[in-house]
Amino acid sequence: MARNYRWAYLLLAAVMLIISGCSSSEEKATSASELKTGLSKDEISNEAFKDLFPLQYDSYKKNEKMEDTKYSGSVKRSKYDADKEPYLPVLFNGYGFATEYNEDRGHIYANEDVRAVARITDKSIGSCLTCKSTAVPHMIEEMGDDYWGGNFNKDIWPKAEAMGHSPIGCSDCHDPETMDLRITRPSFIKAMESQGIDMSNPTKNDMRNYVCGQCHVEYYFAADNGEVTFPWSKGFSAENMYEYYETVAKETGFEKDWVHNVSGTPMIKAQHPEFETHIEGPHGEAGVTCSDCHMPYDRVDGKKKITSHYWTSPLKTMDQSGATCHSN
639 MARNYRWAYL LLAAVMLIIS GCSSSEEKAT SASELKTGLS KDEISNEAFK
689 DLFPLQYDSY KKNEKMEDTK YSGSVKRSKY DADKEPYLPV LFNGYGFATE
739 YNEDRGHIYA NEDVRAVARI TDKSIGSCLT CKSTAVPHMI EEMGDDYWGG
789 NFNKDIWPKA EAMGHSPIGC SDCHDPETMD LRITRPSFIK AMESQGIDMS
839 NPTKNDMRNY VCGQCHVEYY FAADNGEVTF PWSKGFSAEN MYEYYETVAK
889 ETGFEKDWVH NVSGTPMIKA QHPEFETHIE GPHGEAGVTC SDCHMPYDRV
939 DGKKKITSHY WTSPLKTMDQ SGATCHSN
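The letter at position 95 of the sequence shown is residue 733 when you use the numbering used here, and the numbering goes up by one with no holes.
Here's what the structure looks like:
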């Protein structure tokens, strides 16, 4: 009988430990979702997040790396090099991109590169900074529509500098107070809502696409005020966007990006529709997000598990990004 009581007590203790463990997990989950950083909601300096999230910050700083690869890489070199895109100067004849068009480096160089590129002139407008600087959301909030058409060199850049801005970084995707994912570029919300998509309460999985979709998209500058505009009201496909440009865009005064010097043809400079291509593709349809492959989980020193903030090709992290689903 005494032995039975002893086993009963041991069983009860084990159950209590299990319950306690579950409770702790729930409390940890709650704590994580209620994270308070102590930062101001208006914080835009990437450095302000460094001590709070040192592992993620170190991961982000890896974006300083530059290397040449089979698929162009991230070294600052002209896209017009003969071994890269020899026909681009002909295709862009008469457009600003014919002046200078370089391989894109890491996000961390966004401000430096937009400031230096020859395409930025005394006639350039605020919209050119929209996906480069952490100050942009605050400038849009403060200046309203005057931001878009503001003079880049005289007004917009000096204002961003005075605000203590950083290149693309923490506050562009995270609420500084809670680190929740957020949308900071209103053009994205407007474009999604133009399709009837409810943006009031997106899922966490949606947000893992949306934070990237704020900038990795096709866009143009509106004819009336230069506002960054996504041609999505007809849908995300190339055919949908072509229909948009032939109807909605023309109805609002936008007909072309430039007239080609050689052919005399009105031209659209298609940008970089990664978000649209992803959403319309098999991975997007399966619920896979941009972050799943481009920001996979990473073990730091083989111990701490974090989300990688080194934005690079998934081909460099196949075990973490590809092999989790594609076993062979």
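Positions of the beta carbon are idealized from the N, C-alpha and C atoms, including for glycine.
Note down the Cα distance separating residue i from residue j, rounded to an integer number of angstroms.
{"i": "Thr945", "j": "Met801", "result": "29 Å"}
{"i": "Met817", "j": "Lys674", "result": "8 Å"}
{"i": "Ala876", "j": "Thr867", "result": "16 Å"}
{"i": "Asp706", "j": "Arg715", "result": "9 Å"}
{"i": "Met654", "j": "Asp810", "result": "Note that Met654 has pLDDT 41, beneath the 50 cutoff, so the model's placement of it is unreliable and no number is given."}
{"i": "Gly676", "j": "Glu815", "result": "6 Å"}
{"i": "Trp949", "j": "Gln852", "result": "15 Å"}
{"i": "Ala667", "j": "His812", "result": "For Ala667, the predicted model reports a pLDDT of 33, less than 50, meaning its position is unreliable; a value from the coordinates is still stated below. C-alpha separation (whole angstroms): 18 Å."}
{"i": "Tyr695", "j": "Lys679", "result": "19 Å"}
{"i": "Tyr882", "j": "Gly919", "result": "20 Å"}
{"i": "Glu865", "j": "Ser965", "result": "44 Å"}
{"i": "Glu750", "j": "Pro775", "result": "19 Å"}
{"i": "Lys842", "j": "Cys850", "result": "13 Å"}
{"i": "Ser951", "j": "Lys907", "result": "25 Å"}
{"i": "Arg823", "j": "Leu953", "result": "29 Å"}
{"i": "Met845", "j": "Ser712", "result": "26 Å"}
{"i": "Asn878", "j": "Leu690", "result": "44 Å"}
{"i": "Thr768", "j": "Met837", "result": "21 Å"}
Report the option in the options whose CA atom is closest to the CA atom of residue i.
{"i": "Lys792", "options": "Arg753, Tyr858 and Asn701", "result": "Arg753"}
{"i": "Met777", "options": "Ala798, Ile763, Asn789 and Phe790", "result": "Ala798"}
{"i": "Glu672", "options": "Leu819, Ser951 and Ala924", "result": "Leu819"}
{"i": "Thr903", "options": "Phe730, Glu705, His854 and Gly919", "result": "Phe730"}
{"i": "Asn839", "options": "Gln852, His854, Ile821 and Ala829", "result": "Ile821"}
{"i": "Asp760", "options": "Cys769, Ala736 and Gly788", "result": "Gly788"}
{"i": "Glu780", "options": "Ile794, Glu738 and Glu918", "result": "Ile794"}
{"i": "His910", "options": "Asp784, Gly734, Lys699 and Tyr858", "result": "Tyr858"}
{"i": "Ile763", "options": "Asn847, Ser901, Ile746 and Asp784", "result": "Asp784"}
{"i": "Asp939", "options": "Met704, Asn843, Leu690 and Ser697", "result": "Ser697"}
{"i": "Asn847", "options": "Lys942, Gln958 and Gly925", "result": "Gly925"}
{"i": "Arg757", "options": "Ser765, Gly734, Thr768 and Ala748", "result": "Gly734"}
{"i": "Ala861", "options": "Leu767, Asn878 and Asp895", "result": "Asp895"}
{"i": "Ala736", "options": "Tyr747, Val886, Glu723 and Glu685", "result": "Glu723"}
{"i": "Arg937", "options": "Asp719, His921, Asp957 and Met837", "result": "Asp957"}
{"i": "His803", "options": "Asp721, Ala748 and Gly922", "result": "Ala748"}
{"i": "Ala887", "options": "Asn701, Pro869 and Gly873", "result": "Pro869"}
For the alpha helix (DSSP H) that residue i lies in, which residues bound it at each end?
{"i": "Val774", "result": "Val774 to Met781"}
{"i": "Gly787", "result": "Asp784 to Gly787"}
{"i": "Tyr698", "result": "Pro692 to Lys699"}
{"i": "Asn749", "result": "Ala748 to Ala754"}
{"i": "Gln958", "result": "Met956 to Ser959"}
{"i": "Tyr883", "result": "Ala876 to Glu884"}
{"i": "Lys797", "result": "Trp795 to Ala800"}
{"i": "Tyr725", "result": "Segment: none, Tyr725 is in no alpha helix (DSSP H) and carries neither H nor E."}
{"i": "Tyr848", "result": "Lys842 to Gly851"}
{"i": "Glu702", "result": "Counting along the chain, Glu702 falls outside any alpha helix (DSSP H), and DSSP gives it neither H nor E."}
{"i": "Glu923", "result": "Pro920 to Glu923"}
Based on the DSSP secondary-structure assignment, which residues constitute the bridge partners of residue i?
{"i": "Trp896", "result": "Met905"}
{"i": "Lys708", "result": "DSSP lists no partner for Lys708."}
{"i": "Arg820", "result": "Answer is none; Arg820 lacks a bridge partner."}
{"i": "Pro805", "result": "Ser771"}
{"i": "Phe859", "result": "Val866"}
{"i": "Asp936", "result": "Ile944"}
{"i": "His812", "result": "Leu819"}
{"i": "Ser716", "result": "Asn740"}
{"i": "Ile763", "result": "Asn789"}
Can you tell me whether residue i is buried or exposed? The criterion is at least 16 other CB atoms within 10 Å of its CB, across all chains shown.
{"i": "Cys963", "result": "exposed"}
{"i": "Gln833", "result": "exposed"}
{"i": "Ala634", "result": "Coverage of the chain is limited to positions 639 through 966, which leaves residue 634 absent and any answer about it impossible."}
{"i": "Tyr725", "result": "exposed"}
{"i": "Gly891", "result": "exposed"}
{"i": "Ser663", "result": "Residue placement at Ser663 is poorly supported in this model, since its pLDDT is 33, which falls under 50; the coordinates still yield a value, given next. Per the 10 Å Cβ criterion, exposed."}
{"i": "Pro692", "result": "exposed"}
{"i": "Lys770", "result": "buried"}
{"i": "Pro972", "result": "The structure shown does not extend to residue 972, since the chain spans only 639 to 966, so no value can be given for it."}
{"i": "Glu884", "result": "exposed"}
{"i": "Ser959", "result": "buried"}
{"i": "Val855", "result": "buried"}
{"i": "Asn899", "result": "exposed"}
For the beta strand (DSSP E) containing residue i, name the first residue and the last one.
{"i": "Lys943", "result": "Lys942 to Thr945"}
Confirm the yes/no value for this check: CB of residue i, any heavy atom of the ligand ZN, distance under 7 Å.
{"i": "Val774", "result": "With respect to the ligand ZN, the structure shown offers nothing to examine, as it has no ligands at all."}
Strictly under 8 Å for the Cβ-Cβ distance: is residue i near chain D by that measure?
{"i": "Gln852", "result": "The chain inventory of the structure shown lacks chain D, comprising one protein chain alone."}
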